[in-house]
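Step one of this worksheet: look at the structure below.
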Amino acid sequence: MYDVNEIRKDFPILERRIGERRLIYLDNAATSQKPRQVLDALDEHYEAHNANIHRAVHRLAEEATAAYEASREKVASFLGAPDARGLIFTRGTTEAMNLVAYAWGRRSLREGDEVVLTEAEHHSNLVPWQLAAQATGARLRFIPIREDGTLDMEEAERLVGPQTKMIGCIHVSNVLGTINPVDELAELAHSVGALMLVDGAQSAPHIPLDLAALGCDFFACSGHKMVGPTGIGVLWGRPEMLEEMDPFLGGGEMIREVYPDHSTWNDLPYKFEAGTMSIAQAIGLGAAVDYLNGLGMESIWEHERRLGEYAYEKIREVEGITVYGPEKNRTGLVSFILPEVHPHDLSQILDQEGIAIRSGHHCAQPLMRRLGVTATARASFYLYNTEEEVDMLVGAVERSREFFGAFTS
Ligand code: PMP
């Protein structure tokens, strides 16, 4: 039985008050809150086991190394990754995307090659490819978004051909909430000998995953969006691909032997983990994964799907509102615009009621242009949000509309 009121007790920050009001935190797509279990894991590491990993043989180093490597195994198994050797710790999704665009892209792309992305990519899966394209002469192509916020898969089939070397796609849009058919795109990529990269920043926290079944070659996500600490995320890559790639960053643990004029590389995954890693944060991510597994990803997803549907239906009742994204097959996130109130003003007014939402371009400016707007307001839910909080949001949005409408009508 999923008892959201019991679950909320694990998150100390949810007790906070913003002025007179209880905090209603609806900015989970930006970052999630952390349960006591994760905070305790961080404290315990620093209080009892803190040491640098891999190199020393003293007791603390052995304990820290074991905890760090146990986290790798936990995260790999959480994602359904076929081989934990391909699980590389990074600072987050952005660093993971850069790793692929630099270490694979710069070595493998040539003039005339194409990288196919979507119109809805987060900048972190667009800008690294722009840089790789500039360096190699490769070209970027974009799968368009249909009016309802879903991918135009017919156009995807037309765009992809023998010149395609990589398809990169957000699993779940951080603006629209659309769940994209990345398994179909992976098949399409493989049918022409290309690779498939999935940005899982907005899927890993919410949807039960099985990377083996998704069939992608690379998958990235961020710990801080899945009840884990900031400064830690992962790239999972097919080990055969990672073996062939150049290192991304040089120094520290990624070497085997170093000579004045050249070096050789460590085995996977260490080849891609240069310098002192975010050790405590990786261990915290392991605790986050334990926490999510304890609740059960199926139950979390069921809760969020129901909450998302409820929010989508409720907010659409507000007069004059435009809500973006598809009606079906979406996650717990609503992006919207009121004709009377700029999204920034709206989020400021809601803040006075203790409600935290986001407004802006959500790091997806090309998608914003496609939608014909400069900004939207976005409320994004997570495992600890409730229907009552959705009601408070919708009530506050309605009051703002009435207040501003009185000046504009
Ligand atoms: N991709 C998507 C879809 C996102 O929502 C985000 C975070 N807003 C990122 C990538 C980047 O994640 P991070 O900042 O943790 O690297």
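Per this note's numbering, residue 10 is the first one in the sequence shown, and the count goes up by one each step. Glycine included, every Cβ here is placed at the ideal spot set by N, Cα and C. Here the structure is a predicted model, which means the values were calculated and not measured.
Pair within 7 Å by beta-carbon distance, residue i and residue j
{"i": "residue 93", "j": "residue 82", "result": "yes"}
{"i": "residue 124", "j": "residue 138", "result": "yes"}
{"i": "residue 225", "j": "residue 205", "result": "yes"}
{"i": "residue 295", "j": "residue 47", "result": "no"}
{"i": "residue 19", "j": "residue 44", "result": "yes"}
{"i": "residue 316", "j": "residue 341", "result": "yes"}
{"i": "residue 254", "j": "residue 112", "result": "yes"}
{"i": "residue 58", "j": "residue 71", "result": "no"}
{"i": "residue 55", "j": "residue 365", "result": "no"}
{"i": "residue 256", "j": "residue 277", "result": "no"}
{"i": "residue 129", "j": "residue 173", "result": "no"}
Span separating the alpha-carbon of residue i from that of residue j
{"i": "residue 14", "j": "residue 339", "result": "24 Å"}
{"i": "residue 251", "j": "residue 387", "result": "36 Å"}
{"i": "residue 355", "j": "residue 311", "result": "29 Å"}
{"i": "residue 77", "j": "residue 162", "result": "40 Å"}
{"i": "residue 346", "j": "residue 31", "result": "25 Å"}
{"i": "residue 349", "j": "residue 167", "result": "40 Å"}
{"i": "residue 281", "j": "residue 216", "result": "27 Å"}
{"i": "residue 238", "j": "residue 332", "result": "31 Å"}
{"i": "residue 407", "j": "residue 133", "result": "34 Å"}
{"i": "residue 16", "j": "residue 394", "result": "10 Å"}
{"i": "residue 37", "j": "residue 391", "result": "6 Å"}
{"i": "residue 221", "j": "residue 246", "result": "11 Å"}
{"i": "residue 267", "j": "residue 273", "result": "7 Å"}
{"i": "residue 326", "j": "residue 362", "result": "21 Å"}
{"i": "residue 371", "j": "residue 314", "result": "21 Å"}
{"i": "residue 95", "j": "residue 75", "result": "18 Å"}
{"i": "residue 185", "j": "residue 64", "result": "45 Å"}
{"i": "residue 180", "j": "residue 209", "result": "5 Å"}
For residue i, the first and last residue of its enclosing beta strand (DSSP E)
{"i": "residue 346", "result": "342-346"}
{"i": "residue 175", "result": "173-179"}
{"i": "residue 332", "result": "331-333"}
{"i": "residue 265", "result": "264-267"}
For residue i, the residue or residues it bridges with in DSSP
{"i": "residue 369", "result": "385"}
{"i": "residue 231", "result": "242"}
{"i": "residue 98", "result": "243"}
{"i": "residue 204", "result": "175"}
{"i": "residue 123", "result": "148 and 173"}
{"i": "residue 376", "result": "BP columns for residue 376 are empty, so no partner."}
{"i": "residue 36", "result": "389"}
{"i": "residue 279", "result": "For residue 279, which the question treats as bridged, DSSP gives no partner whatsoever."}
{"i": "residue 350", "result": "347"}
CB-CB length for residue i against residue j, believed under 8 Å
{"i": "residue 452", "j": "residue 183", "result": "Since the displayed the chain opens at 10 and closes at 418, residue 452 lies outside it and no answer follows."}
{"i": "residue 110", "j": "residue 140", "result": "7 Å"}
{"i": "residue 236", "j": "residue 41", "result": "5 Å"}
{"i": "residue 207", "j": "residue 227", "result": "7 Å"}
{"i": "residue 69", "j": "residue 60", "result": "4 Å"}
{"i": "residue 379", "j": "residue 154", "result": "6 Å"}
{"i": "residue 241", "j": "residue 211", "result": "About 17 Å; that fails the 8 Å criterion."}
{"i": "residue 191", "j": "residue 223", "result": "6 Å"}
{"i": "residue 149", "j": "residue 189", "result": "About 18 Å; that fails the 8 Å criterion."}
Segment limits, alpha helix (DSSP H) that includes residue i
{"i": "residue 292", "result": "288-304"}
{"i": "residue 274", "result": "Segment 272-274 is the beta strand (DSSP E) holding residue 274; no alpha helix (DSSP H) there."}
{"i": "residue 136", "result": "136-145"}
{"i": "residue 74", "result": "68-88"}
{"i": "residue 92", "result": "Unbroken run through residue 92: none, as it is neither H nor E."}
{"i": "residue 253", "result": "248-253"}
{"i": "residue 52", "result": "45-53"}
{"i": "residue 16", "result": "13-17"}
{"i": "residue 167", "result": "162-168"}
Residue-level contact to chain D via CB, residue i, 7 Å cutoff
{"i": "residue 356", "result": "In the structure shown, chain D does not exist; there is a single protein chain."}
Residue i beta carbon near ligand 2 (any heavy atom closer than 6 Å)
{"i": "residue 215", "result": "Ligands present in the displayed structure are limited to ligand 1, and ligand 2 is not among them."}
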